[in-house]
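Asks: Residue numbers (the numbering used here), protein chains in the order written: chain A, 2 to 357; chain B, 40 to 384; chain C, 5 to 513. Every residue, glycine too, gets a C-beta built ideally from N, C-alpha and C.
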């Protein structure tokens, strides 16, 4: 009986994020008619698609017990690189006007390079991952300013914008059209793919092993440094894709593109159950965290809540999520402590009985 | 014996590396950058170093206990906005932010914001030590909450026109030297002396180096860490007061990006991220170095976009030096053991 | 008898010949010969510091011996790397096992080599079934889908053993596996280990619990001061004989004149902490040295920490110097006249990064501070210099970081720290652990001198011989209760009797 209750509690605890997402959807839908319109619901993830990719990259690094605070600038840099290569000289580009394909390859190359540098600094030189990535954030943002001659580069080829800004179906409604954004689909798809990678591949499981207990993972013959390096490479790839989505949706890139995203990225991942202690949480949960974040963002702004209140409430939500994470990890420790305590008392009794 | 002496030299050089770099850089800039050594410019450097310096003192104290404080810049923003809100008239000019109309006495306002800073630091310390929350994220979230509240209060607008009495700390001059520069220098000298000579300074470093042993030696690590954050909060509000006095204008984005600079300055100045090692005096050298480079790049009319990148590189460099320090020191222990062992044979 | 013959027939799976290892100031092992047969459980016993850990570290490839060879199968090594040791099938299961806590049992077993489907994805059904099957083969029943953090300590230990076997381990070293286990769990663990032995597994079993050695081992080897005293078949030996082998008879020990006075310093009245100790009554006199001893986990350790305020003390009354002792924090204990020397010097004793000077004066800063909490540096230096001289601490200067001193000198720094508080009661936990012979004698002299000054001293230690040399009284704790008392000068105060009391409970009654 007791076991069942605690198991039920565990299940609720594990899926808390989806309960919150459902609650958010229901509450905002009942409060606002524009929130519950199909177009708005379908575009919830469209607007936060770039954020989503960064959350994904962050989740990868956090599962191995690391952090990445440089991704917002990585997004900015890749977006700017592509913009410069794509846009005509009149529109703030370099006038190369390369094909979208080349631009995307270029972005991915830059993203991977950032990930490679992060990974090498952290694994080879044993530098503190938080500070390394903070420093990278500053360096990369500086680079964005340096390479961008004007303030904005815009008007890219349609094909380049398709992923970030395109729509798939157009279904006529009573008023206007219902159109499904490509980005929404892409984000869901890539989260599912990542879930499969982390759940169903050897590499994915090695990630969890590294984050759960570095020593034990090493003992099991896992090349832990290599796993961390690959994870940062994937993280770099996510930055590039995020840059693609952001530039595509806005059809432009400015030196500030992506600035200030670090915090939401961190928050969405933690709210989605990715533990800061490493080795816990999954990608579907992280997607839930992203959705909750976008629902709150969208819902509150539709209801005309001051953006400053939104900002403050975000901070409080994150504090709550961090607290929950601390409780979760602590709960585990406490449980084993209680176990030990019980055992030692029982042990005392057992031995006494034996003697008598 | 000879070897031991040699090692000591390496250690002394490593420990005071920062002052060496500072001297070399200063000489280089003095020779190569026109107007660098003019009195106005030197005062400019110190002026730039003042607010950053006050914040760095707080950061260094927290770092010495082996923790981070990312919340200080949020406190700078909130304390300046709140002070303005309490002091200025409601809607004095169209398009600017609204004051509360309370028009409180500036001295009272100073008192209020200092209390606020202290209190917020205390709460952060309690969250971290009593609820075992991740310090990095707690202070990051606190930074956001504080700045968020500042945005709400200011409605995102610029507030100008702080009273003269309030501006004294940040704006006034004595014999041509800004008060803020004098105060900051005094603070550095005073705090450095205090932390090197007082019981609290011992406690900070003991807790940072080894909390368990510190506890068994009669200290209370949780209390020490909470106190460090409390001091950090107070100094952040103090820095806010100073900054507002200089600018006479508050906006909620004030102070953004300064957290990283304070961490960088501390690390460059020899404060270890692992806790237990370093001094506020060293951190001051770090502050000077950052200000020096900023100023010189500015005078050389280097593209301001480069400045941020350069700062990032400096942080990386400082980290690299720190990592080397830790790599270097254990070697001393290793070298010693086999030597004795072979004696025994 | 049959077992003996079987053992004789078997081939050695591992033998060690003439292995010696020296550390600065200490000869940890002197030409050790040791051999484990295929399919036996080989006990390894000895006091703390007898060389067990050093020998195991050499077998695991962590330390390189100065001399000697290790033979595994038909291969000879001078020294191995940890990786080689694992490849040769030597596995080590420590008391606290490192596991991937947030992952399931199955994943922990198959980490790094999860079964996959044809398309290369992890086949979870197969992961669970294969893990289950592997555990079944060893006769271990466990829910493989459970997370490791949800397992008990015994289960984690068994899982670690199983994991080692799946990694093709031929010889598993069990280091104090029962220290934090209840009797029921011990039985389960032993049944499991024995069943593995029957399937051909070999074990080295390290323990302080001699009873357990007789319960589970086939042969037992005794180490003393880095020498092998002997190897015996457990069927041909009993606990007293083993004790004699462990303790030895011919060692010159530190002896002292008693400085015990009649005046009572401290009284413990009915001290009890649930699960650790109960009904502790004790009277401590001025200048008296009391030894407290018992098996690991019997509660002496918690009693020491509890007195000092590092852990909860539970209920009961303590009178110290005619006043009620109310301290619940270390600093209060120092102020009320009780000081404590922790066992783990590196973790609790010293702030290694900081200087000798700072370490010595941490607890007395309150007395050294003047205006504005500033420390009187001159006075501090004088005090520290005094203790460096008195305790003969060998350090280049007061400013030397404590971690750069040798073990014995580090311990002296901790002593200086405690002495500086001028305590009336001193609680010492394993004061001679990890220091060389000469420093040991120095430490005894320090203890002696402090007792002569009227300090009452409690030594918590498992070093029986040392206790006999130094203590006026020795109390034995068993399962959280003080069960026997030995007084200096009485005939009963022999290592054999005391060890028997530690092992067997109330011998005196």
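Return the Cβ separation of residue 205 of chain B and residue 335 of chain B in integer angstroms, given the expectation that the two are a contact with Cβ distance under 8 angstroms.
Replies: Position 166 of the second chain, counted from the start, is the residue given in the question as residue 205 of chain B. Position 296 of the second chain, counted from the start, is the residue given in the question as residue 335 of chain B. The Cβ separation is near 32 angstroms, so there is no contact.
Asks: Kindly say whether residue 322 of chain B, judged by its beta-carbon, lies nearer than 8 angstroms to any beta-carbon of chain C.
Replies: Along the second chain, read from residue 1 onward, the residue named residue 322 of chain B stands at position 283. Cβ-Cβ to chain C under 8 angstroms: no for residue 322 of chain B.
Asks: Suppose the cutoff is 6 angstroms on Cβ atoms and the five residues either side in sequence are ignored; what does the same chain contact list for residue 53 of chain A look like?
Replies: Looking up residue 53 of chain A in the first chain gives position 52. If we look at residue 53 of chain A and ignore the five residues flanking it on each side, its Cβ neighbours are 188 and 291.
Asks: Does residue 257 of chain A get closer than 8 angstroms to chain C when you measure Cβ to Cβ?
Replies: Within the first chain, residue 257 of chain A is the residue found at index 256, counting from 1. Chain C contact via Cβ: absent.
Asks: Would the beta-carbon of residue 198 of chain C fall within 8 angstroms of that of residue 460 of chain C?
Replies: As a first step, residue 198 of chain C is located in the third chain; it is residue number 194 there, counting from the start. As a first step, residue 460 of chain C is located in the third chain; it is residue number 456 there, counting from the start. For residue 198 of chain C and residue 460 of chain C, no; Cβs fall outside 8 angstroms.
Asks: Kindly list, in the order they appear in chain B, the residues whose Cβ is closer than 8 angstroms to that of residue 338 of chain C.
Replies: Locating residue 338 of chain C in the third chain gives position 334, counting from the first residue. Those are 257, listed as they occur along chain B.
Asks: Look up residue 95 of chain A in the DSSP assignment and say whether it is helix, strand or coil.
Replies: Along the first chain, read from residue 1 onward, the residue named residue 95 of chain A stands at position 94. DSSP places residue 95 of chain A in coil when its eight states are reduced to three.
Asks: Quick check on the DSSP output: the beta strand (DSSP E) that includes residue 19 of chain C runs from which residue to which?
Replies: Taking the first residue of the third chain as 1, we reach residue 19 of chain C at position 15. 16-27 is the extent of the beta strand (DSSP E) around residue 19 of chain C.
Asks: Please confirm whether residue 248 of chain B and residue 306 of chain B have their CB atoms less than 8 angstroms apart.
Replies: For this step, residue 248 of chain B is matched to residue 209 along the second chain. For this step, residue 306 of chain B is matched to residue 267 along the second chain. Taking 8 angstroms as the Cβ cut-off, residue 248 of chain B and residue 306 of chain B do not qualify as a contacting pair.
Asks: Using three-state DSSP, classify residue 482 of chain C as helix, strand or coil.
Replies: Reading the third chain from its first residue, position 478 is the one you call residue 482 of chain C. In the structure shown, residue 482 of chain C sits in a strand (DSSP, three-state: E or B).
Asks: May I have a chain-ordered list of the alpha helix (DSSP H) segments no shorter than 4 residues that lie completely inside the stretch 116-179 of chain C?
Replies: Runs of the alpha helix (DSSP H) inside the stretch 116-179 of chain C: 128-141 and 157-170.
Asks: Taking the alpha-carbon positions, what's the residue 255 of chain C to residue 229 of chain C distance?
Replies: As a working mapping, residue 255 of chain C is identified with position 251 in the third chain. As a working mapping, residue 229 of chain C is identified with position 225 in the third chain. Low confidence applies here, because residue 255 of chain C scores a pLDDT of 47, under 50, leaving its location unreliable and the question unanswered by this model.
Asks: Less than 8 angstroms between the C-beta atoms of residue 271 of chain A and residue 65 of chain A, yes or no?
Replies: Here residue 271 of chain A refers to the residue found at position 270 when the first chain is read from its first residue. Here residue 65 of chain A refers to the residue found at position 64 when the first chain is read from its first residue. For residue 271 of chain A and residue 65 of chain A, no; Cβs fall outside 8 angstroms.
Asks: Identify the residues that DSSP records as bridge partners of residue 254 of chain A: which are they?
Replies: Counting from one through the first chain, the residue named residue 254 of chain A turns up at place 253. Bridge partners of residue 254 of chain A: A/154.
Asks: Mind pulling the alpha helix (DSSP H) runs of 4 or more residues that sit fully within the stretch 96-137 of chain A?
Replies: Runs found: 101-124.
Asks: I need the straight-line Cα distance from residue 131 of chain C to residue 221 of chain A, nearest angstrom please.
Replies: Sequence index remark: in the third chain, residue 131 of chain C carries index 127 (1-based). Sequence index remark: in the first chain, residue 221 of chain A carries index 220 (1-based). Residue 131 of chain C and residue 221 of chain A: Cα-Cα distance of roughly 16 angstroms.
Asks: Output, in chain order, the set of chain A residues within a Cβ distance shorter than 8 angstroms of residue 125 of chain C.
Replies: Translated into positions along the third chain, residue 125 of chain C becomes position 121. Within chain A, the residues near residue 125 of chain C are 197, 201 and 202.
Asks: Taking the alpha helix (DSSP H) that residue 187 of chain A belongs to, which residues open and close that run?
Replies: As a first step, residue 187 of chain A is located in the first chain; it is residue number 186 there, counting from the start. Here the alpha helix (DSSP H) through residue 187 of chain A covers 183-201.
Asks: Any C-beta of chain C sitting closer than 8 angstroms to the C-beta of residue 253 of chain B?
Replies: Position 214 of the second chain, counted from the start, is the residue given in the question as residue 253 of chain B. Answer yes: the Cβ-Cβ gap between residue 253 of chain B and chain C drops below 8 angstroms somewhere.
Asks: Is the distance from the Cβ of residue 302 of chain B to the Cβ of residue 104 of chain B below 8 angstroms?
Replies: What you label residue 302 of chain B is simply residue 263 of the second chain in a count that begins at 1. What you label residue 104 of chain B is simply residue 65 of the second chain in a count that begins at 1. Against a cut-off of 8 angstroms, the Cβ pair of residue 104 of chain B and residue 302 of chain B comes out as no contact.
Asks: Identify each residue in the stretch 220-253 of chain A for which the Cβ-Cβ distance to at least one residue of chain C is less than 8 angstroms, and report them in chain order.
Replies: Listed by position along the chain: 220, 221, 222 and 223.
Asks: Can you tell me whether residue 71 of chain B is buried or exposed, with buried defined as 16 or more other CB within 10 angstroms of its CB?
Replies: The residue you call residue 71 of chain B lines up with position 32 of the second chain. Classification of residue 71 of chain B: exposed, given that the 10 Å Cβ count is below 16.
Asks: Compare the C-beta of residue 107 of chain C with all C-beta atoms of chain A and state if any pair is closer than 8 angstroms.
Replies: The sequence position of residue 107 of chain C within the third chain is 103, counting from 1. Yes - at least one Cβ of chain A is within 8 angstroms of the one on residue 107 of chain C.
Asks: Tell me whether the stretch 74-88 of chain C and the stretch 17-24 of chain C touch, counting them as touching only if at least three CB pairs, one residue from each stretch, are closer than 8 angstroms.
Replies: With a cut-off of 8 angstroms, the stretch 17-24 of chain C and the stretch 74-88 of chain C count as touching, because enough Cβ pairs lie within range.
Asks: If I'm right that residue 189 of chain B touches residue 116 of chain B with Cβ under 8 angstroms, what's the distance once you round it to whole angstroms?
Replies: Stepping through the second chain from its first residue, residue 189 of chain B is reached at position 150. Stepping through the second chain from its first residue, residue 116 of chain B is reached at position 77. Their Cβ separation, rounded to whole angstroms, is 4 angstroms, which keeps residue 189 of chain B and residue 116 of chain B in contact under 8 angstroms.
Asks: Residue 68 of chain A by DSSP, collapsed to three states: which one?
Replies: Position 67 of the first chain holds residue 68 of chain A. Looking at residue 68 of chain A - three-state DSSP - the assignment turns out to be coil, as it is neither helix nor strand.
Asks: With C-beta atoms as the reference, is residue 132 of chain A less than 8 angstroms away from residue 71 of chain A?
Replies: The sequence position of residue 132 of chain A within the first chain is 131, counting from 1. The sequence position of residue 71 of chain A within the first chain is 70, counting from 1. No, these two residues do not count as a Cβ contact at 8 angstroms.
Asks: Among A/216, A/85 and A/106, which residue has its Cα nearest to the Cα of residue 96 of chain A?
Replies: Locating residue 96 of chain A in the first chain gives position 95, counting from the first residue. Nearest C-alpha to residue 96 of chain A: A/85.
Asks: For residue 354 of chain B, would you say it is in contact with chain A, using Cβ-to-Cβ distances shorter than 8 angstroms as the test?
Replies: Reading the second chain from its first residue, position 315 is the one you call residue 354 of chain B. Yes, because at least one Cβ of chain A sits closer than 8 angstroms to the Cβ of residue 354 of chain B.
Asks: Give me the Cα-Cα distance between residue 243 of chain B and residue 253 of chain A, rounded to the nearest whole angstrom.
Replies: Residue 243 of chain B sits at position 204 when you count from the first residue of the second chain. Residue 253 of chain A sits at position 252 when you count from the first residue of the first chain. About 50 angstroms.
Asks: Taking only the alpha-carbon atoms, compute the straight-line gap between residue 403 of chain C and residue 364 of chain C and give it to the nearest angstrom.
Replies: As a working mapping, residue 403 of chain C is identified with position 399 in the third chain. As a working mapping, residue 364 of chain C is identified with position 360 in the third chain. Rounded to the nearest angstrom, the two C-alpha atoms are 11 angstroms apart.
Asks: Would residue 106 of chain C and residue 213 of chain A qualify as a contact pair, given that the criterion is a beta-carbon distance under 8 angstroms?
Replies: The residue given as residue 106 of chain C occupies position 102 in the third chain. The residue given as residue 213 of chain A occupies position 212 in the first chain. Yes, Cβ-Cβ distance for residue 106 of chain C and residue 213 of chain A is below 8 angstroms.
Asks: What three-state label does DSSP hand residue 298 of chain B in the structure shown?
Replies: Taking the second chain and counting its residues from 1, the one referred to as residue 298 of chain B is at position 259. Reduced to three states, the DSSP call for residue 298 of chain B is helix.
Asks: By the DSSP assignment, the beta strand (DSSP E) with residue 237 of chain C in it spans what residues?
Replies: Working through the third chain from its first residue, we reach residue 237 of chain C at position 233. 231-237 is the extent of the beta strand (DSSP E) around residue 237 of chain C.
Asks: State yes or no: is the C-beta of residue 377 of chain C within less than 8 angstroms of the C-beta of residue 239 of chain B?
Replies: Walking along the third chain from the start, residue 377 of chain C turns up at place 373. Walking along the second chain from the start, residue 239 of chain B turns up at place 200. For residue 377 of chain C and residue 239 of chain B, yes; Cβs fall inside 8 angstroms.
Asks: Could you check whether the stretch 297-311 of chain A touches the stretch 192-202 of chain A, counting it as contact only if at least three pairs of C-beta atoms, one from each stretch, sit closer than 8 angstroms?
Replies: The stretch 297-311 of chain A is not in contact with the stretch 192-202 of chain A.
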